[in-house]
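Worksheet for the structure shown next.
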Amino acid sequence: MYGQTEHCIDSKMALTLLACILVLLSTHCYFNVLAVILRTTNDAPWANEFESIELSCLIESISTNDPRIEWKKIKDGEPSYVYFEKKISGDLEGRARIREPATLVITNATRSDSASYRCEVTAPIDQKTFDEILINLVVRVKPVVPKCAVPKSVPVGKAAELRCVEDEGFPKSQYQWFRNKEEIPDDPKTSPKFFNSSYTLNAETGTLKFSAVRKDDSGEYFCRAKNDAGHSECGPQTMEVYNINIAGIILGVLVVVVVLLCITVGICCAYKRGYFVSQKQTGNNYKAPAKGDGVDYVRTEDEVRKEKTTYFKLCRQSKFFLLALPFLF
Numbered sequence: 001m002y003g004q005t006e007h008c009i010d011s012k013m014a015l016t017l018l019a020c021i022l023v024l025l026s027t028h029c030y031f032n033v034l035a036v037i038l039r040t041t042n043d044a045p046w047a048n049e050f051e052s053i054e055l056s057c058l059i060e061s062i063s064t065n066d067p068r069i070e071w072k073k074i075k076d077g078e079p080s081y082v083y084f085e086k087k088i089s090g091d092l093e094g095r096a097r098i099r100e101p102a103t104l105v106i107t108n109a110t111r112s113d114s115a116s117y118r119c120e121v122t123a124p125i126d127q128k129t130f131d132e133i134l135i136n137l138v139v140r141v142k143p144v145v146p147k148c149a150v151p152k153s154v155p156v157g158k159a160a161e162l163r164c165v166e167d168e169g170f171p172k173s174q175y176q177w178f179r180n181k182e183e184i185p186d187d188p189k190t191s192p193k194f195f196n197s198s199y200t201l202n203a204e205t206g207t208l209k210f211s212a213v214r215k216d217d218s219g220e221y222f223c224r225a226k227n228d229a230g231h232s233e234c235g236p237q238t239m240e241v242y243n244i245n246i247a248g249i250i251l252g253v254l255v256v257v258v259v260l261l262c263i264t265v266g267i268c269c270a271y272k273r274g275y276f277v278s279q280k281q282t283g284n285n286y287k288a289p290a291k292g293d294g295v296d297y298v299r300t301e302d303e304v305r306k307e308k309t310t311y312f313k314l315c316r317q318s319k320f321f322l323l324a325l326p327f328l329f
């Protein structure tokens, strides 16, 4: 008797549980039929510039026969209509269309189309009358030819910097450098050909910096800017690394010193012999009398003193100049 009672209770509980499940299922189906529900196959699509792209907005369930469909473009936090009252508007006019029921097709994507797009569907007859989905579109732009700066010649042991810049590509370009058509690795220690070079390569900014160039660093250099949409390269430019001719520089300095010394000695001798004697006297112009035949001209003590003063002054200035000459080189 007790076992039969327990069996009846279990049967009632099972029936009650089954009834609840059926009620929940029927309620869920009811609200699904009376609710507008959207979905998308890709909420983060991308396309290369000038290609076509679809922003899918699929209606999973709806009861309203003629729902209101709108698309809005959101860029820098500001929304603007793309599809309103069954017409394409804004900067997509003439470049987009709606594919039933609500998918937006952009036929010629440009870099300005990169933004967030919101699909909105309003169904007045449904129990849940409104739904929306957000799609983030990225239009990738191939880099243009970068601007490259390569020094033409650098002395051995000196620093050198090579620069590469490109501002049009999207996403932002990454940079590679090549020497004699061979890619320069980020770390010179990873390649036998660049093992002895001392440089740093920044792929983000496009700079290649040598702390001290070697003869082996001579060659033709070019840069490549690349992103997900493609790549572009600048033309090759030659960098020559040359040795400094110390002996030639010293010889040149010595020649200059000897020439200047000869000029200085010549000027001093000319002053001593009286070729640069001042012919002015205080207050009036004075001309030395012409020497008669067989008559020696005797200079006054004042003229002799002036000549000596000028001579010693010139020699002293020349001495200071010669002492300072090595520091000029």
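Using full-length UniProt numbering, read the sequence shown as starting at 1 and increasing by one per residue. In this text, a Cβ means the ideal position worked out from N, Cα and C, and glycines have one as well.
Check, Outcome
"Given Phe327, which residues of its chain have a CB within under 7 Å of its CB, disregarding the five upstream and five downstream residues?", "Confidence at Phe327 is low in this model, with a pLDDT of 47, below 50, so its placement is unreliable and the value that follows should be read with caution. Result list for Phe327: empty, nothing under 7 Å."
"Comparing alpha-carbon positions, which option in Asp187, Val256, Ser153, Val139 lies nearest Glu220?", "Ser153"
"Could you pull the start and end residues of the beta strand (DSSP E) that Asp43 belongs to?", "No beta strand (DSSP E) contains Asp43, which DSSP labels as neither H nor E."
"What do you reckon, are the CB atoms on Lys87 and Pro79 nearer than 8 Å?", "no"
"What I want to know is whether the C-beta of Ile69 ends up closer than 7 Å to one or more non-hydrogen atoms of the ligand NAP.", "Absence of the ligand NAP from the depicted structure is noted, as is the absence of any ligand whatsoever, leaving it without description."
"Between which two residues does the beta strand (DSSP E) holding Gly219 run?", "219–227"
"Note down the Cα distance separating Ala102 from Cys119, rounded to an integer number of angstroms.", "8 Å"
"Look up Cys119 in the DSSP assignment and say whether it is helix, strand or coil.", "strand"
"Note down, in chain order, each residue of its chain lying with its Cβ closer than 7 Å to the Cβ of Val138, except the 5 sequence neighbours on either side.", "Trp46, Ser114"
"Using 8 Å for Cβ pairs, my map puts Asp126 next to Ala35. What's the rounded Cβ distance?", "6 Å"
"Hey, Tyr175 and Ala229: beta-carbon distance below 8 Å or not?", "no"
"Let me check one thing: in DSSP terms, what residues is Asp131 bridge-paired to?", "Val121"
"Using DSSP with H/G/I as helix, E/B as strand and the rest coil, what is Cys148?", "strand"
"Taking 8 Å as the threshold, find out whether the stretch 188–198 comes into contact with the stretch 258–270 through three or more Cβ pairs.", "no"
"Once you ignore the five residues that flank Asp167 on each side, which residues in its own chain have a CB closer than 7 Å to its CB?", "none"
"Please report the distance separating the alpha-carbon of Ile69 from that of Ala44.", "21 Å"
"Helix, strand or coil for Ser153 per DSSP?", "strand"
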